[in-house]
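Scroll down for the structure; my scribbles are underneath it.
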Amino acid sequence: MAISLYDATVVSFLQTLGGVSGFLERGLAHCQDSGIDPQEIVDTRLFPDMAPFAFQVFSVAHHSRGAMEGVKAGVFSPASPTTPLSYADLQKLVADAIAALTALTPAEVDALEGRDMAFQFGERKMPFTVEGFLLSFSMPNLHFHATTAYDILRSKGVPLGKRDYMGKLRLKA
287 MAISLYDATV VSFLQTLGGV SGFLERGLAH CQDSGIDPQE IVDTRLFPDM
337 APFAFQVFSV AHHSRGAMEG VKAGVFSPAS PTTPLSYADL QKLVADAIAA
387 LTALTPAEVD ALEGRDMAFQ FGERKMPFTV EGFLLSFSMP NLHFHATTAY
437 DILRSKGVPL GKRDYMGKLR LKA
(Lines of atoms letter the chains of each structure in order from A and count residues from 1; the text may use other names and numbers.)
(Lines give C-alpha, C1' and ligand atoms only; values in the text may rest on other atoms or scores of the structure.)
Protein backbone atom coordinates (compact mmCIF):
# COMPACT_ATOMS: atom_id res chain seq x y z
CA MET A 1 0.00 0.00 0.00
CA ALA A 2 1.40 3.36 -0.96
CA ILE A 3 0.80 6.26 1.37
CA SER A 4 1.17 9.88 0.42
CA LEU A 5 3.21 12.46 2.30
CA TYR A 6 -0.02 14.34 2.95
CA ASP A 7 -1.66 11.29 4.56
CA ALA A 8 1.42 10.44 6.61
CA THR A 9 1.84 13.96 7.94
CA VAL A 10 -1.06 16.40 7.62
CA VAL A 11 -3.77 13.81 8.30
CA SER A 12 -1.77 12.51 11.28
CA PHE A 13 -1.10 16.04 12.57
CA LEU A 14 -4.83 16.78 12.34
CA GLN A 15 -5.71 13.63 14.28
CA THR A 16 -3.35 14.58 17.11
CA LEU A 17 -4.44 18.22 17.07
CA GLY A 18 -8.06 17.04 17.30
CA GLY A 19 -7.15 15.00 20.36
CA VAL A 20 -5.34 17.96 21.92
CA SER A 21 -8.28 20.25 21.19
CA GLY A 22 -10.60 17.76 22.86
CA PHE A 23 -8.51 17.28 25.96
CA LEU A 24 -8.01 21.04 26.29
CA GLU A 25 -11.80 21.38 26.24
CA ARG A 26 -12.13 18.69 28.93
CA GLY A 27 -9.40 20.40 30.96
CA LEU A 28 -11.23 23.72 30.88
CA ALA A 29 -14.50 22.06 31.88
CA HIS A 30 -12.70 20.38 34.79
CA CYS A 31 -11.30 23.72 35.91
CA GLN A 32 -14.73 25.34 35.76
CA ASP A 33 -16.41 22.44 37.59
CA SER A 34 -13.68 22.30 40.26
CA GLY A 35 -13.19 26.04 40.80
CA ILE A 36 -9.60 25.88 39.53
CA ASP A 37 -8.10 28.89 37.76
CA PRO A 38 -7.05 27.59 34.30
CA GLN A 39 -3.94 29.77 34.54
CA GLU A 40 -2.74 27.40 37.26
CA ILE A 41 -2.61 24.67 34.61
CA VAL A 42 -1.00 26.95 32.01
CA ASP A 43 2.00 27.43 34.29
CA THR A 44 2.24 23.80 35.52
CA ARG A 45 5.39 21.76 34.94
CA LEU A 46 5.76 18.04 35.55
CA PHE A 47 9.27 18.61 36.88
CA PRO A 48 11.13 21.86 37.63
CA ASP A 49 13.47 21.43 34.65
CA MET A 50 10.64 20.79 32.15
CA ALA A 51 8.80 23.45 30.18
CA PRO A 52 5.30 24.39 31.38
CA PHE A 53 1.96 23.35 29.93
CA ALA A 54 1.78 26.53 27.80
CA PHE A 55 5.03 25.61 26.05
CA GLN A 56 3.84 22.03 25.48
CA VAL A 57 0.65 23.16 23.73
CA PHE A 58 2.49 25.91 21.83
CA SER A 59 4.94 23.26 20.61
CA VAL A 60 2.14 21.00 19.38
CA ALA A 61 1.07 23.82 17.05
CA HIS A 62 4.67 24.63 16.12
CA HIS A 63 5.54 21.03 15.21
CA SER A 64 2.44 20.65 13.04
CA ARG A 65 1.38 23.93 11.42
CA GLY A 66 4.83 25.44 11.92
CA ALA A 67 6.50 22.35 10.49
CA MET A 68 4.45 22.59 7.31
CA GLU A 69 5.30 26.29 7.02
CA GLY A 70 8.96 25.41 7.59
CA VAL A 71 9.13 22.75 4.91
CA LYS A 72 7.54 25.14 2.42
CA ALA A 73 10.17 27.77 3.31
CA GLY A 74 13.02 25.24 3.39
CA VAL A 75 13.98 25.94 7.01
CA PHE A 76 12.46 25.27 10.43
CA SER A 77 13.69 26.74 13.69
CA PRO A 78 12.65 26.18 17.28
CA ALA A 79 10.24 28.73 18.69
CA SER A 80 8.81 29.70 22.05
CA PRO A 81 5.88 31.90 22.97
CA THR A 82 6.94 35.55 22.96
CA THR A 83 4.19 36.66 25.35
CA PRO A 84 2.41 34.93 28.21
CA LEU A 85 -0.44 32.73 27.00
CA SER A 86 -3.78 32.13 28.64
CA TYR A 87 -5.66 28.84 28.48
CA ALA A 88 -7.95 30.42 25.84
CA ASP A 89 -4.87 31.49 23.85
CA LEU A 90 -3.66 27.88 23.84
CA GLN A 91 -7.02 26.66 22.60
CA LYS A 92 -6.89 29.27 19.82
CA LEU A 93 -3.35 28.20 18.82
CA VAL A 94 -4.59 24.63 18.37
CA ALA A 95 -7.74 25.76 16.51
CA ASP A 96 -5.63 27.97 14.21
CA ALA A 97 -3.24 25.09 13.51
CA ILE A 98 -6.17 22.85 12.61
CA ALA A 99 -7.58 25.52 10.29
CA ALA A 100 -4.21 26.09 8.57
CA LEU A 101 -3.57 22.38 8.06
CA THR A 102 -7.11 21.76 6.84
CA ALA A 103 -6.52 24.40 4.16
CA LEU A 104 -3.56 22.44 2.71
CA THR A 105 -4.25 20.23 -0.28
CA PRO A 106 -2.80 16.78 -0.81
CA ALA A 107 -1.23 17.91 -4.09
CA GLU A 108 0.42 20.90 -2.42
CA VAL A 109 1.98 18.76 0.32
CA ASP A 110 2.90 15.80 -1.88
CA ALA A 111 4.75 18.18 -4.22
CA LEU A 112 7.19 18.96 -1.37
CA GLU A 113 8.48 15.37 -1.23
CA GLY A 114 12.20 15.05 -1.90
CA ARG A 115 12.97 18.72 -1.41
CA ASP A 116 15.89 19.76 0.75
CA MET A 117 15.25 21.67 3.95
CA ALA A 118 17.06 22.31 7.21
CA PHE A 119 16.43 22.47 10.91
CA GLN A 120 18.30 25.56 12.04
CA PHE A 121 19.19 26.19 15.66
CA GLY A 122 21.30 29.31 15.95
CA GLU A 123 24.25 28.80 13.59
CA ARG A 124 23.78 25.04 13.47
CA LYS A 125 21.92 23.58 10.49
CA MET A 126 20.83 19.98 10.19
CA PRO A 127 20.05 18.95 6.59
CA PHE A 128 16.90 16.94 5.87
CA THR A 129 14.60 16.04 3.05
CA VAL A 130 11.08 17.30 3.67
CA GLU A 131 9.74 13.81 4.39
CA GLY A 132 12.72 12.94 6.59
CA PHE A 133 12.19 16.08 8.64
CA LEU A 134 8.43 15.68 9.00
CA LEU A 135 8.53 11.98 9.87
CA SER A 136 11.68 11.79 11.99
CA PHE A 137 11.71 15.20 13.67
CA SER A 138 8.36 16.98 13.70
CA MET A 139 6.12 13.95 14.22
CA PRO A 140 8.04 12.67 17.28
CA ASN A 141 8.21 16.21 18.71
CA LEU A 142 4.48 16.70 18.15
CA HIS A 143 3.72 13.50 20.07
CA PHE A 144 6.20 14.28 22.85
CA HIS A 145 4.63 17.68 23.51
CA ALA A 146 1.03 16.44 23.11
CA THR A 147 1.72 13.61 25.56
CA THR A 148 3.35 15.97 28.04
CA ALA A 149 0.38 18.37 27.85
CA TYR A 150 -1.97 15.42 28.38
CA ASP A 151 0.11 14.23 31.35
CA ILE A 152 0.03 17.68 32.95
CA LEU A 153 -3.76 17.75 32.71
CA ARG A 154 -3.93 14.26 34.22
CA SER A 155 -1.63 15.38 37.04
CA LYS A 156 -4.13 18.16 37.77
CA GLY A 157 -6.99 15.68 38.09
CA VAL A 158 -8.58 16.07 34.67
CA PRO A 159 -10.39 12.80 33.98
CA LEU A 160 -8.83 11.79 30.67
CA GLY A 161 -8.13 8.43 29.08
CA LYS A 162 -6.16 7.17 26.10
CA ARG A 163 -9.14 7.71 23.81
CA ASP A 164 -9.01 11.46 24.60
CA TYR A 165 -5.43 11.60 23.38
CA MET A 166 -5.98 9.61 20.20
CA GLY A 167 -8.38 11.99 18.46
CA LYS A 168 -10.61 10.94 15.60
CA LEU A 169 -9.68 7.51 14.30
CA ARG A 170 -9.55 6.84 10.55
CA LEU A 171 -12.17 4.11 10.48
CA LYS A 172 -13.07 2.23 7.34
CA ALA A 173 -16.17 3.75 5.79
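The opening residue of the sequence shown carries number 287 in my numbering; numbering runs sequentially from there. Note that CB positions come from ideal geometry on N, CA and C, so glycine has one too.
In the DSSP output, what is residue i paired with across the bridge?
i           : result
residue 410 : 407
residue 433 : According to DSSP, which records beta bridges pairwise, residue 433 is partnered with nothing at all.
Please report the straight-line C-alpha distance between residue i and residue j, rounded to a whole angstrom.
i           : j           : result
residue 384 : residue 416 : 20 Å
residue 395 : residue 291 : 7 Å
residue 403 : residue 306 : 28 Å
residue 345 : residue 406 : 16 Å
residue 456 : residue 364 : 30 Å
residue 347 : residue 452 : 16 Å
residue 304 : residue 393 : 22 Å
residue 342 : residue 448 : 18 Å
DSSP on residue i, reduced to helix/strand/coil?
i           : result
residue 444 : coil
residue 339 : helix
residue 402 : strand
residue 423 : helix
residue 391 : coil
residue 330 : coil
residue 295 : helix
For chain D, is any of its Cβ atoms less than 8 Å away from the one on residue i?
i           : result
residue 378 : In the structure shown, chain D cannot be found, because there is only a single protein chain.
With respect to the alpha helix (DSSP H) encompassing residue i, which residues constitute its N-terminal and C-terminal limits?
i           : result
residue 233 : The chain is shown only over 287 to 459; residue 233 falls outside these bounds and no answer can be derived.
residue 358 : 351-359
Any 3 or more C-beta pairs closer than 8 Å across the region 311-328 and the region 417-428: no
Meets three-Cβ-pair contact criterion under 8 Å: the region 352-364 and the region 317-337: no
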